[in-house]
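Take a look at the structure below.
Numbering (our numbering), first residue to last: 12 to 416.
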């Protein structure tokens, strides 16, 4: 409700007796102990002991997209098995290893227990359950097929997280190696090269040009290294700050990334895979195409595709076929457009989109594996040039002296 003040929820454990006199216990989240006791009495449980949980020296952690994907699959499986919704939340929440995720699940469970619709309860946590997730759950509740929709959500989350993880893995390895190479080079320039410089001062002969260049670079790093670090740190901070606030900058960056050799091809295929997977999931849930495209735009993971899908949405809203709208963007390959056209003609757009998503997800997997194989020798060559170049520069004068002798 607008203008309401959020009350901090805390985890509690409780024990009590039910209407049959059986001993029962469990966990929940509430504002205070009185709220827990009141809720238990409303459920027909006589509270015997209520304790607030306090965990010392343990990080609460954070909720990751992978946690949401696993939660969706667990909830879908339990509902399919006939377990009531509240009980399913109780089981999943109490058994979760991540304290932050457990607290989130139990908070949603408390809202549902109080009579709030599941979609509305999830919408209270927009950082973890986006509009697409909430809309699909709402569609499932209205159609009386919540377990089916949750199964689709779980599949969607698992597929999208898998493709994100693949791309991150492909980019992390070369980035990590290059950072290590930069650190090693900096250490050599600041601490090792000066020792050789002191040695060369007693030679009384001219040093090779390459050696003088490296020594000059070493002197610059020792005297102005703090300035270099400040400029690099400031540039990165400024870029991240502007990226969060400027959609134009993000669009420019995404447009450049899509045009990069090899990596651009992978990012393009990944965006198409997310587009097709989201469209399939939304359309199969019975969401109208125009509304579905709204969620699809935000799920593409690329501002260029996001803008294109929003343009497609406007065209479809005026009666244009999706196939024609996709052609107008000039972003989608002919194969994707033809598959969508077949889906529109046959009334199986969700199935055709799912096939496109499967194809491109597999294509991204293969491309990432190929990229990893290609990058390994390139990275080794870069390391060899950086470190080997410094070593050669320092030993050139020694080789020169040996030749004279």
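Cβ atoms here follow ideal geometry from the backbone N, Cα and C, with glycine treated the same way.
{"Check": "How is the beta strand (DSSP E) around residue 57 delimited, first residue to last?", "Outcome": "57-63"}
{"Check": "Residues in the same chain with beta-carbon distance under 7 Å from residue 152, minus the five sequence neighbours each way, listed in chain order, please.", "Outcome": "128, 129, 130"}
{"Check": "In the DSSP assignment, the alpha helix (DSSP H) including residue 267 goes from what residue to what residue?", "Outcome": "258-270"}
{"Check": "Have a look at residue 396 and residue 205 and give me their C-alpha separation to the nearest angstrom.", "Outcome": "20 Å"}
{"Check": "Tell me, please, whether the region 293-303 touches the region 356-375 by the rule of three or more beta-carbon pairs shorter than 8 Å.", "Outcome": "yes"}
{"Check": "Going by DSSP, what residue range makes up the alpha helix (DSSP H) through residue 188?", "Outcome": "157-198"}
{"Check": "Indicate whether the contact test is met: 3 or more Cβ pairs, each with one atom in the region 247-256 and one in the region 328-341, closer than 8 Å.", "Outcome": "no"}
{"Check": "Which residue or residues does DSSP assign as beta-bridge partners of residue 35?", "Outcome": "27"}
{"Check": "Do residue 378 and residue 313 count as a contact pair if the criterion is CB distance below 8 Å?", "Outcome": "no"}
{"Check": "I believe residue 87 touches residue 158 by the beta-carbon criterion, under 8 Å. Please report the beta-carbon distance rounded to the nearest angstrom.", "Outcome": "6 Å"}
{"Check": "Could you give the first and the last residue of the continuous alpha helix (DSSP H) run that contains residue 127?", "Outcome": "Residue 127 -> no alpha helix (DSSP H), and no H or E assigned at all."}
{"Check": "So, is residue 146 buried or exposed, given that buried needs 16 or more other C-beta atoms within 10 angstroms?", "Outcome": "buried"}
{"Check": "Would the region 86-103 and the region 24-35 be scored as touching if the rule is three or more Cβ pairs under 8 Å?", "Outcome": "no"}
{"Check": "Cutting at 7 Å between CB atoms, please list the residues of its own chain near residue 382, excluding the five before and the five after it.", "Outcome": "181, 273, 277"}
{"Check": "Below 8 Å on the Cβ atoms is my guess for residue 334 versus residue 351; work out the distance and round it to an integer in Å.", "Outcome": "5 Å"}
{"Check": "Short check: CB of residue 38 to CB of residue 22, under 8 Å?", "Outcome": "yes"}
{"Check": "Which residues mark the beginning and the end of the alpha helix (DSSP H) in which residue 359 is found?", "Outcome": "No alpha helix (DSSP H) holds residue 359; DSSP gives it neither H nor E."}
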